[in-house]
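Colleague: The structure is given below, and queries will be raised subsequently.
2 protein chains.
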Amino acid sequence: MVSQVDRKLITRKSLMDSALALVAEGNHYSSLSLREVAKRAGVAPNAFYRHFKDLDEMGLALADEFGLLLRLIMRQARLQGLAADSMISDSVNFYVEYVQKEPALFRFMAQSITGGSPAMREAMRNELGHFANEMVTDLNRLGILPHISVTDMNMLGHLAIQTVFGNTTEILDLPESSDNMIEAIRERCTKQVRLIFLGASDWNVQSEKQQKLEDKASRKKKMFKIK
Amino acid sequence: MVSQVDRKLITRKSLMDSALALVAEGNHYSSLSLREVAKRAGVAPNAFYRHFKDLDEMGLALADEFGLLLRLIMRQARLQGLAADSMISDSVNFYVEYVQKEPALFRFMAQSITGGSPAMREAMRNELGHFANEMVTDLNRLGILPHISVTDMNMLGHLAIQTVFGNTTEILDLPESSDNMIEAIRERCTKQVRLIFLGASDWNVQSEKQQKLEDKASRKKKMFKIK
DNA sequence: GTTTCTTGTGTACAGTTGTACACTTATTTT
DNA sequence: AAAATAAGTGTACAACTGTACACAAGAAAC
Numbered sequence: 001m002v003s004q005v006d007r008k009l010i011t012r013k014s015l016m017d018s019a020l021a022l023v024a025e026g027n028h029y030s031s032l033s034l035r036e037v038a039k040r041a042g043v044a045p046n047a048f049y050r051h052f053k054d055l056d057e058m059g060l061a062l063a064d065e066f067g068l069l070l071r072l073i074m075r076q077a078r079l080q081g082l083a084a085d086s087m088i089s090d091s092v093n094f095y096v097e098y099v100q101k102e103p104a105l106f107r108f109m110a111q112s113i114t115g116g117s118p119a120m121r122e123a124m125r126n127e128l129g130h131f132a133n134e135m136v137t138d139l140n141r142l143g144i145l146p147h148i149s150v151t152d153m154n155m156l157g158h159l160a161i162q163t164v165f166g167n168t169t170e171i172l173d174l175p176e177s178s179d180n181m182i183e184a185i186r187e188r189c190t191k192q193v194r195l196i197f198l199g200a201s202d203w204n205v206q207s208e209k210q211q212k213l214e215d216k217a218s219r220k221k222k223m224f225k226i227k
Numbered sequence: 228m229v230s231q232v233d234r235k236l237i238t239r240k241s242l243m244d245s246a247l248a249l250v251a252e253g254n255h256y257s258s259l260s261l262r263e264v265a266k267r268a269g270v271a272p273n274a275f276y277r278h279f280k281d282l283d284e285m286g287l288a289l290a291d292e293f294g295l296l297l298r299l300i301m302r303q304a305r306l307q308g309l310a311a312d313s314m315i316s317d318s319v320n321f322y323v324e325y326v327q328k329e330p331a332l333f334r335f336m337a338q339s340i341t342g343g344s345p346a347m348r349e350a351m352r353n354e355l356g357h358f359a360n361e362m363v364t365d366l367n368r369l370g371i372l373p374h375i376s377v378t379d380m381n382m383l384g385h386l387a388i389q390t391v392f393g394n395t396t397e398i399l400d401l402p403e404s405s406d407n408m409i410e411a412i413r414e415r416c417t418k419q420v421r422l423i424f425l426g427a428s429d430w431n432v433q434s435e436k437q438q439k440l441e442d443k444a445s446r447k448k449k450m451f452k453i454k
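Line by line, the protein sequences give chains A and B. Residue numbers for the first sequence, in my numbering: 1 to 227. Residue numbers for the second sequence, in my numbering: 228 to 454.
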């Protein structure tokens with residue numbers, strides 16, 4: 001005998017998994033139909049309504065699931081402990097690995113951030129924002145880049161996260177197991193993040209210099225006309 | 228009397244514009260139907276087939292149109308000539324302005340890069356890649372960052388473009404004419420690009436140092452365990 | 001001026017969509 | 001044990017989908 005609430009959770013999960021499967025097979029979430037999701041889950045169309053009023057509502061539930069995955073990733077990354085010298089490349093590798101391990105959820109995330117309902121877009125942005133905040137907290141805790149203001153640390157976190165996440169679709173689009181391509185993306189991304197942190201290490205000093213330069217130059221503007 | 232080919236081009240454009248309008252109103256391109264596009268264009272559903280065999284094919288035509296817009300933007304940016312001291316903030320402002328001027332095409336681009344058909348995703352990536360290449364060419368022509376290798380310049384271009392384009396959806400999602408929000412995004416993005424170029428100015432020197440450091444450290448690894 | 005070609009229309013049809021309503025079945029509550 | 005609740009089914013329907021086919025109107029070619 002199976003409890004009623006267990007049964008309910010099972011088919012709920014089954015519905016969500018079916019939607020993700022359809023997304024992983026190349027469909028866009030917003031072009032899915034309630035009926036094909038239900039069919040895929042082996043359930044009558046009307047059963048859907050016992051769980052969600054809408055595909056939109058189900059989308060938000062999937063966004064939550066993605067949020068859980070992100071938190072899991074962060075926890076694991078911390079537990080494993082990152083070597084100080086290879087922190088950046090390790091983190092990038094870690095991310096790439098997880099994208100390949102959970103292609104459906106990451107595909108869904110990438111789709112939703114630009115193409116979901118307004119509520120979905122906001123939800124996904126919040127998840128990534130939270131990820132960026134956690135990163136900044138860690139940097140502060142480690143005493144890395146102590147010379148940067150709070151606002152600028154947030155700017156930096158946003159930049160780093162966006163850079164890494166920006167590769168998601170490209171990773172997912174690679175033909176199955178073309179390892180050299182993946183390696184190229186991994187390397188490029190690592191370099192990019194490294195360059196970002198290199199810039200960050202000079203940030204405040206240099207930015208003040210730059211400010212003064214701009215003030216001076218605004219009187220006598222040097223212009224570049226290209227070509 | 229109107230020439231036959233003119234008439235054809237007119238309704239073709241009308242179809243494409245209708246699709247863009249529907250996208251701008253919040254629909255995802257891949258959830259549009261041939262019939263609603265035709266209806267919006269004031270044309271019988273079957274007329275669609277005289278121009279495209281598919282909504283997918285029309286999508287590629289729209290991608291071309293976006294490419295044209297990008298080229299126009301680049302040309303205009305060059306003609307206007309950028310002041311050397313405010314090159315970065317000017318470029319960011321220029322981009323933000325154009326996103327607001329052509330919201331439909333940019334929304335379409337943002338949707339398609341993560342959510343279009345495989346062919347569409349590739350097309351959009353190519354357009355942005357071309358944009359990045361042009362940027363790198365300009366930097367070389369101006370003699371900026373001459374110490375960076377070709378590969379790394381491409382990496383840098385990709386990073387800069389991705390950073391700027393990453394703000395597109397966020398800009399488009401802002402409530403109509405909330406100028407202070409736009410200003411915040413503009414500032415953050417400018418800072419990010421500035422930070423990137425700051426990192427780039429130190430790139431080669433520092434990266435060699437870092438390489439050596441990693442080699443040394445790989446024997447005696449310092450580990451951070453957070454919390 | 002006649003024929004041919006091309007763009008767009010109208011009708012038709014089978015398949016799919018979301019959802020309403022009445023139902024079964026099985027678990028919980030009483 | 002009876003009654004109530006809840007999850008899932010089956011049928012039904014009107015709206016919409018892509019597209020095939022025959023056709024109209026006018027421009028282009030001859």
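The beta carbon of each residue, even a glycine, is placed where N, CA and C say it ideally should be.
In three-state DSSP terms, what is Ala41(A)?
Modeller: The sequence position of residue 41(A) within the first sequence is 41, counting from 1. It is coil, neither helix nor strand.
Colleague: Under 8 angstroms, with one C-beta from each stretch per pair, do the segment 392–406 of chain B and the segment 324–336 of chain B reach the 3-pair mark?
Modeller: Contact holds: three or more Cβ-Cβ distances are below 8 angstroms.
Colleague: Decide if Gln419(B) is buried, meaning its Cβ has at least 16 other Cβ atoms within 10 Å, or exposed.
Modeller: Residue 419(B) sits at position 192 when you count from the first residue of the second sequence. Buried is the call here.
Colleague: Would you mind working out which of Thr390(B), Asn381(B), Arg239(B) and Leu399(B) sits nearest Leu289(B), comparing C-alpha positions?
Modeller: Residue 289(B) sits at position 62 when you count from the first residue of the second sequence. Of the listed residues, the one whose Cα sits closest to Leu289(B) is Arg239(B).
Colleague: Would you call the segment 379–390 of chain B and the segment 122–134 of chain A in contact, with 3 or more CB pairs under 8 angstroms?
Modeller: At 8 angstroms Cβ cutoff, the stretches do not touch.
Colleague: What residue from Thr378(B), Glu354(B), Asp406(B) and Arg234(B) has the CA that sits closest to Leu296(B)'s CA?
Modeller: Here residue 296(B) is taken as the residue at index 69 of the second sequence, counted from 1. Checking every option, the nearest Cα to that of Leu296(B) belongs to Glu354(B).
Colleague: In the structure shown, what three-state DSSP assignment does Ala274(B) receive?
Modeller: Residue numbering aside, residue 274(B) sits at position 47 when the second sequence is read from its first letter. Three-state DSSP puts Ala274(B) in a helix.
Colleague: Closer than 8 angstroms, CB to CB, is Leu372(B) near chain A or not?
Modeller: Indexing the second sequence from 1 puts residue 372(B) at position 145. Taking Cβ atoms only, chain A never reaches closer than 8 angstroms to Leu372(B), which makes this a no.
Colleague: As a quick exercise: from Glu187(A), Asp173(A), Val92(A) and Ala200(A), pick the residue whose alpha carbon is nearest that of Pro103(A).
Modeller: As a working mapping, residue 103(A) is identified with position 103 in the first sequence. Answer by Cα proximity: Asp173(A).
Colleague: To be precise: take each residue of the segment 129–141 of chain A, compare its Cβ to all Cβ atoms of chain B, and keep it if any distance is under 7 angstroms. Which residues remain?
Modeller: Residues passing the 7 angstroms Cβ filter: Asp138 and Arg141.
Colleague: Looking at chain B, which residues of the segment 147–159 of chain A have a Cβ within less than 8 angstroms of any of its Cβ atoms?
Modeller: Answer in chain order: Asp152, Met155, Leu156, His158 and Leu159.
Colleague: Please go through the same chain and pick out, in chain order, the residues whose beta-carbon is closer than 6 angstroms to the beta-carbon of Leu82(A), but skip the five residues on each side of it.
Modeller: Counting from one through the first sequence, the residue named residue 82(A) turns up at place 82. Taken in chain order, the residues that qualify are Asp90.
Colleague: For a quick check, are the C-beta atoms of Phe48(A) and Leu105(A) less than 8 angstroms apart?
Modeller: Within the first sequence, numbered from 1, the residue matching residue 48(A) stands at position 48. Within the first sequence, numbered from 1, the residue matching residue 105(A) stands at position 105. Against a cut-off of 8 angstroms, the Cβ pair of Leu105(A) and Phe48(A) comes out as no contact.
Colleague: When you compare the CB of Gly115(A) with every CB in chain B, is at least one pair closer than 8 angstroms?
Modeller: For the purposes of this step, residue 115(A) is identified with residue 115 of the first sequence, where counting begins at 1. Interface residue, yes.
Colleague: Which of the residues in the segment 174–208 of chain A, read from start to end, lie with their CB under 8 angstroms from any CB of chain B?
Modeller: So the list reads Arg188, Lys191, Gln192, Arg194, Leu195, Ile196, Phe197, Leu198, Gly199, Ala200, Asp202, Trp203, Gln206 and Ser207, given in the order they occur along the chain.
Colleague: Report yes or no: do the segment 401–416 of chain B and the segment 172–189 of chain A share at least 3 C-beta pairs separated by less than 8 angstroms?
Modeller: At 8 angstroms Cβ cutoff, the stretches do not touch.
Colleague: Using the beta-carbon of each residue, which ones in chain B are nearer than 7 angstroms to Ala123(A)?
Modeller: For the purposes of this step, residue 123(A) is identified with residue 123 of the first sequence, where counting begins at 1. Simply none; closest approach about 12 angstroms.
Colleague: Just the chain B side, please: which residues come within less than 8 angstroms of Ser31(A) by C-beta, in chain order?
Modeller: For the purposes of this step, residue 31(A) is identified with residue 31 of the first sequence, where counting begins at 1. Going along chain B in sequence order, the residues near Ser31(A) (Cβ under 8 angstroms) are His255, Ser257 and Ser258.
Colleague: Below 8 angstroms on C-beta distance, what does Thr390(B) contact in chain A?
Modeller: Your numbering for residue 390(B) matches position 163 in the second sequence. Within chain A, the residues near Thr390(B) are Leu159, Gln162 and Thr163.
Colleague: For the segment 54–78 of chain A, which residues have a beta carbon sitting closer than 8 angstroms to at least one beta carbon of chain B?
Modeller: Under the 8 angstroms Cβ criterion, the segment 54–78 of chain A contributes Arg78.
Colleague: What does the Cβ neighbour count give for Asn180(A), buried or exposed, with the cut at 16 atoms within 10 Å?
Modeller: Taking the first sequence and counting its residues from 1, the one referred to as residue 180(A) is at position 180. Exposed is the call here.
Colleague: Let me know if Thr151(A) comes out buried or exposed under the rule of 16 or more other beta-carbons within 10 Å of its beta-carbon.
Modeller: Walking along the first sequence from the start, residue 151(A) turns up at place 151. Classification of Thr151(A): exposed, given that the 10 Å Cβ count is below 16.
Colleague: Using only the alpha-carbon positions, how far apart do Leu142(A) and Met380(B) sit?
Modeller: Locating residue 142(A) in the first sequence gives position 142, where the first residue counts as 1. Locating residue 380(B) in the second sequence gives position 153, where the first residue counts as 1. So the alpha carbons of these two residues sit roughly 31 angstroms apart.
Colleague: Between the C-alpha atoms of Ser18(A) and Pro45(A), what's the straight-line distance to the nearest angstrom?
Modeller: Within the first sequence, numbered from 1, the residue matching residue 18(A) stands at position 18. Within the first sequence, numbered from 1, the residue matching residue 45(A) stands at position 45. Cα to Cα, the separation comes out at about 13 angstroms.
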